[in-house]
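Here's the structure, in structure tokens; my notes come after.
Residue numbers (my numbering): 193 to 880.
Put into structure tokens, the structure is as follows:
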């Protein structure tokens with residue numbers, strides 16, 4: 193059982209905890225309960241209170257003994273007997289149920305509206321009769337005085353089926369294209385239906401005429417709401433003879449008095465999801481409205497939130513057990529949730545032990561789940577040296593950080609800072625000593641940080657207190673005693689640097705202002721000491737003296753600022769000279785540069801020549817190239833000029849060309865010598 197609290201309202205979730213599968217034998221279930229503590233401690237209020245996949249609707253019979261729920265898959269209805277705390281029966285259906293109604297006090301007469309336009313009637317023994325309506329239905333209501341069923345759906349007509357005669361009666365023709373919800377007032381039996389156009393039509397079943405029309409779409413739009421489409425009516429519920437609550441597809445709940453076309457109150461869920469269920473709680477004058485995400489309980493007179501619940505899975509339907517604090521929900525999950533809220537009312541008779549159980553829990557509160565865990569950020573993990581655990585099972589990601597076991601956190605903290613406890617202990621002892629010292633008679637002691645500023649503030653405070661006593665005014669709060677500026681006199685980081693440029697330039701002005709203030713205070717004291725008759729003349733003299741003094745002060749301040757600026761420039765100059773001396777004293781080491789292969793270093797003059805050449809204009813560069821022979825400019829027949837450039841050869845290319853030339857000359861010399869030898873041999877043979 194989980195306990196949550198919102199607005200000091202305790203909510204007990206009775207269906208929390210793991211559920212055992214149906215196919216397990218009783219022997220295995222008992223064995224699991226012995227082994228697993230969570231399974232043994234869970235509260236199974238009603239045995240197997242669940243559906244195979246999803247539950248869509250849940251209702252309680254008028255006698256309070258039976259709870260019926262429909263769901264899938266396969267489509268089925270289950271009836272639970274509260275006196276036996278177990279399932280009474282289960283019946284499978286041919287198609288999914290849109291909604292159903294229990295007509296009798298117990299489970300003996302039930303009507304199901306199904307998806308395939310079928311209306312199915314069940315009696316105590318099982319299936320009784322099945323019929324079909326012309327259009328797909330979305331909701332229906334039962335009119336007890338005439339035994340008529342009113343069906344609304346994807347049509348402008350409201351189909352009437354009389355159960356006494358066993359036949360369809362004339363339909364009610366509405367102005368709506370489609371209708372989503374309907375309800376019949378339990379006092380005067382007024383029939384109301386909510387349309388897809390955001391209107392509510394009220395009909396009198398006796399005359400079969402429309403008696404009223406409410407435009408809820410316009411009233412549901414608030415000042416800060418964003419309109420994406422026309423809000424339609426998704427839920428409708430009467431309360432007494434005059435009140436009616438309307439839920440829209442955009443997440444608003446409107447409470448109406450039938451005598452007025454304007455809503456008494458408009459409550460927005462702020463999720464933009466259709467309202468699925470509306471219930472009234474009369475003991476505390478609450479309205480329980482639910483969309484697929486949240487259940488809200490709020491006061492119907494003021495609209496103030498009483499409490500709210502956000503289940504883990506989407507909500508399909510909400511059922512409030514009559515005259516109790518129990519709430520049941522049908523969800524997009526197999527298990528149907530049961531909540532017990534003691535503030536709403538006592539527990540039902542069949543589970544009266546819940547009152548004793550909750551009282552014991554309130555007397556002996558147990559530690560919540562989060563008491564055993566510590567929330568840490570990524571930076572905390574890096575400080576503890578546990579950043580490598582991110583992504584492992586030891587850390588559970590939550591919001592901007594992680595949850596980790598408190599025991600692991602304490603161990604890691606002890607390893608990261610083994611003397612943390614000793615430091616904490618010393619700090620606590622120091623605080624205790626300071627507290628005991630505060631009880632003694634204290635002397636005026638200057639703080640450790642910004643002593644000059646504190647002394648100045650104390651002097652100013654004393655002067656102001658004297659003036660306020662004479663004038664009978666209230667003393668202003670002291671800056672030293674203000675908690676907002678407390679750190680300025682405790683933390684060394686806030687120490688005023690008197691050697692900084694800003695302080696030295698501002699200090700003359702501050703000192704002159706303080707001197708001027710002291711003079712004014714002296715003048716005021718002198719004026720107050722003199723009589724009322726002699727007040728006018730000294731005032732004039734004082735004002736003249738003050739004006740002359742102010743001009744002198746301004747001149748003095750300007751001179752002081754100039755003097756400080758001059759000193760700052762001199763200091764900066766001295767610093768520069770010292771840096772130059774240091775640079776001169778430092779020995780410069782030679783730097784070596786590597787030359788590319790095939791290139792020769794000539795001199796630094798080549799780079800200087802290239803830089804000078806690049807600074808010249810294009811015309812000068814062309815003339816220079818023409819003189820060197822690398823450029824040839826000639827006139828063409830058309831009248832334009834033709835420029836021919838010769839690329840400069842690098843040193844490596846020049847050497848290669850010279851080597852090739854030398855090689856060719858050597859080959860020529862060899863060929864000549866060879867031919868000369870041949871000719872000489874030929875001559876010798878002829879002579880022989």
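In this text, a Cβ means the ideal position worked out from N, Cα and C, and glycines have one as well.
Determine the DSSP secondary structure at residue i, reduced to helix, strand or coil.
i: residue 611; result: coil
i: residue 201; result: strand
i: residue 593; result: strand
i: residue 335; result: strand
i: residue 327; result: coil
i: residue 624; result: helix
i: residue 599; result: helix
i: residue 680; result: helix
i: residue 867; result: helix
i: residue 381; result: coil
i: residue 753; result: helix
i: residue 859; result: helix
i: residue 513; result: coil
i: residue 844; result: helix
i: residue 368; result: coil
i: residue 650; result: helix
i: residue 835; result: strand
i: residue 759; result: helix
i: residue 854; result: helix
Buried or exposed for residue i, going by 16 or more other Cβ atoms inside 10 Å?
i: residue 390; result: buried
i: residue 675; result: exposed
i: residue 436; result: buried
i: residue 368; result: buried
i: residue 692; result: exposed
i: residue 444; result: buried
i: residue 270; result: buried
i: residue 610; result: exposed
i: residue 352; result: buried
i: residue 606; result: exposed
i: residue 401; result: exposed
i: residue 262; result: buried
i: residue 494; result: exposed
i: residue 497; result: exposed
i: residue 378; result: exposed
i: residue 284; result: exposed
Among the options, which residue has its Cα nearest to the Cα of residue i?
i: residue 335; options: 554, 383 and 320; result: 383
i: residue 542; options: 566, 514 and 553; result: 514
i: residue 407; options: 447, 434 and 342; result: 447
i: residue 340; options: 328, 398 and 285; result: 398
i: residue 519; options: 203, 865 and 858; result: 203
i: residue 315; options: 308, 303, 412 and 452; result: 303
i: residue 475; options: 534, 326, 241 and 670; result: 534
i: residue 603; options: 508, 551 and 577; result: 577
i: residue 575; options: 550, 601 and 552; result: 601
i: residue 472; options: 496, 486, 333 and 432; result: 432
i: residue 429; options: 456, 386, 463 and 273; result: 386
i: residue 526; options: 208, 858, 845 and 861; result: 208
i: residue 239; options: 249, 281, 326 and 201; result: 281
i: residue 524; options: 517, 537 and 505; result: 505
i: residue 420; options: 567, 441 and 199; result: 441
Quickly, what does DSSP pair residue i with across the bridge? List them, please.
i: residue 314; result: 302 and 319
i: residue 444; result: 460
i: residue 218; result: Answer is none; residue 218 lacks a bridge partner.
i: residue 887; result: There is simply no residue 887 to check, as the chain begins at 193 and stops at 880 in what is shown.
i: residue 407; result: 391
i: residue 482; result: 469 and 487
i: residue 172; result: The structure shown does not extend to residue 172, since the chain spans only 193 to 880, so no value can be given for it.
i: residue 345; result: 329
So, at 7 Å on beta carbons, what are the nonlocal neighbours of residue i in its own chain, with the 5 sequence-adjacent residues on each side left out?
i: residue 546; result: 532 and 539
i: residue 867; result: none
i: residue 450; result: 434 and 436
i: residue 307; result: 287, 288 and 290
i: residue 381; result: 335, 337 and 397
i: residue 198; result: 499 and 500
Looking only at its chain, what residues have a beta carbon closer than 8 Å to the beta carbon of residue i, apart from the 5 residues adjacent to it on each side?
i: residue 651; result: none
i: residue 834; result: 825, 826, 827 and 828
Does at least one heavy atom of the ligand SAH sit under 7 Å from the Cβ of residue i?
i: residue 770; result: What this structure holds is no ligand at all, so the ligand SAH is not there to describe.
If you drop the 5 nearest sequence neighbours on each side, which residues of the same chain put their C-beta closer than 6 Å to that of residue i?
i: residue 355; result: 339
i: residue 564; result: 598
i: residue 482; result: 468, 469, 507 and 510
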